[in-house]
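Student:
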Amino acid sequence: MKKYLFFLFAVFTISCGNKNENQNIQPENPYLGLDTSYIHLRVGLPKDSDSSDDYIIKRNQYCISYNYKRNEPNWVSYELNSDWYGDVARYKGNFISDTSLPSPWYRVKHSDYTNSGFDRGHLVRSEERTKTEDDNKSTFLLSNIIPQAPDLNQGPWLKLEYYCEDLCKKENKELFVICGGIYSSNTTIGPGINVPDSCFKIVIVLEKGQGLQNITSITPIIAVKMPNIQGIRAVAWETYNSTIDDIEASTGYDFINYVPKGVQQIIEAQKGA
Ligand code: MN
Ligand code: MN
């Protein structure tokens, strides 16, 4: 009995120790309270082998996995259709530090990008959230931003954003988009914002109003991996067609993981677009 009590005490002490240690880094379980009813995670909650640097931020406009080690998002996941586009003017202020981040973490400032040689690259594009001023402003939070070479941001990345806009407005599609950076070097700007070597975007293309249950092995997908470099401004976005399999291998994340395994296997191997 004595031994048993001591064991309990030891376990209790150890778990308290861990709790305190983690408190500064991960204030809450990032995967709590998430389910398929949340529109921006309708097709999956991307997961990799280490959730300690995936701090999930749920917003009405999009869902982010924030990485405090890189001072930027791992990925952003969001629904896109014609309803999100409106006529609100582009937010005019500086990009906004995300004060919702746990207080021990560095909060990236607008000026951290100034003269870095990199654009403040939106993951959710400003124009994709133009129904209300709040929607548009939310895209200017620096937790939605990664350093993108101007020729990428204003070249093929933008052209794919135009293409998605056309799919929504002209073809009445329902898109589920997941995008982010791929990191293999340790290049940083400002106080330690990692510069991705390339940027990926995955788009599941459905008819407006459709959802997870409508995804089949013949659902069209777009999967691109674009180098984060200068000199590609005039390049067509389709040049960077890839597969979800390849993006999963490069990032370590399992994407669209709510899609039945058999269907995932087929569409993830499909060359995008
Ligand atoms: Mn952009
Ligand atoms: Mn997957």
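Numbering of the sequence shown is given in my numbering, commencing with residue 7 and proceeding in unit increments.
We treat Cβ as the ideally placed atom computed from N, Cα and C, and that holds for glycine.
Can you find a heavy atom of ligand 2 that lies under 6 Å from the Cβ of N263?
Tutor: Sequence index remark: in the sequence shown, residue 263 carries index 257 (1-based). Yes, ligand 2 has a heavy atom inside 6 Å of this Cβ.
Student: I need the DSSP call for I199, collapsed to helix, strand or coil.
Tutor: Counting from 1 along the sequence shown, the entry for residue 199 is found at position 193. Residue state, collapsed to three classes: strand.
Student: Would you decide whether G50 is buried or exposed? Buried here means 16 or more other CB atoms lie within 10 Å of its CB.
Tutor: Translated into the one-based positions of the sequence shown, residue 50 becomes position 44. Buried, by the Cβ-count rule.
Student: Within 8 Å, do at least three Cβ pairs link the segment 233-240 to the segment 102-115?
Tutor: These segments do not touch.
Student: Tell me P162's beta-bridge partners as DSSP assigns them.
Tutor: Indexing the sequence shown from 1 puts residue 162 at position 156. Its beta-bridge partners do not exist; DSSP assigns none.
Student: Give me the Cα-Cα distance between C22 and Y61, rounded to the nearest whole angstrom.
Tutor: Along the sequence shown, read from residue 1 onward, the residue named residue 22 stands at position 16. Along the sequence shown, read from residue 1 onward, the residue named residue 61 stands at position 55. Note that C22 has pLDDT 38, beneath the 50 cutoff, so the model's placement of it is unreliable and the number below is only indicative. Rounded to whole angstroms, C22 to Y61 spans 22 Å at the Cα level.
Student: Leaving aside the five residues before and after E139 along the sequence, list all residues of the same chain whose C-beta is less than 7 Å from its C-beta, in chain order.
Tutor: Translated into positions along the sequence shown, residue 139 becomes position 133. Hits under 7 Å: V94.
Student: Are C170 and S88 close, meaning C-beta to C-beta below 7 Å?
Tutor: On the sequence shown, residue 170 is found 164 positions in, with the first residue counted as 1. On the sequence shown, residue 88 is found 82 positions in, with the first residue counted as 1. Their beta carbons are not under 7 Å apart, which means C170 does not touch S88 by this criterion.
Student: Less than 7 Å between the beta carbons of I102 and L147, yes or no?
Tutor: Residue numbering aside, residue 102 sits at position 96 when the sequence shown is read from its first letter. Residue numbering aside, residue 147 sits at position 141 when the sequence shown is read from its first letter. It is a contact, given that the beta carbons lie within the stated cut-off.
Student: Identify which residue in Q216, G215, F261, Q154 has its Cα closest to the Cα of Y189.
Tutor: Looking up residue 189 in the sequence shown gives position 183. Looking at the Cα atoms, Q154 is the closest of the given residues.
Student: Identify which residue in T136, T105, L158 has its Cα closest to the Cα of S204.
Tutor: On the sequence shown, residue 204 is found 198 positions in, with the first residue counted as 1. Checked all of T136, T105, L158; the closest Cα to S204 is L158.
Student: Are I152 and G187 close, meaning C-beta to C-beta below 7 Å?
Tutor: Your numbering for residue 152 matches position 146 in the sequence shown. Your numbering for residue 187 matches position 181 in the sequence shown. Cβ atoms of I152 and G187: closer than 7 Å.
Student: Which value, in whole angstroms, describes the spacing of the CA atoms of D125 and P162?
Tutor: As a first step, residue 125 must be located in the sequence shown, where it is residue number 119. As a first step, residue 162 must be located in the sequence shown, where it is residue number 156. Taking the straight line joining both Cα atoms gives about 14 Å.
Student: Please return the same chain residues whose Cβ sits closer than 8 Å to the Cβ of E254, not counting the five positions on each side in sequence.
Tutor: Start at 1 with the first residue of the sequence shown, and residue 254 comes out as number 248. So the qualifying residues of the chain are D260, F261, E274.
Student: Starting from the N-terminal side, write out each stretch of the alpha helix (DSSP H) that is 4 residues or longer and does not extend beyond the segment 91-143.
Tutor: Within the segment 91-143, no complete alpha helix (DSSP H) run reaches 4 residues.
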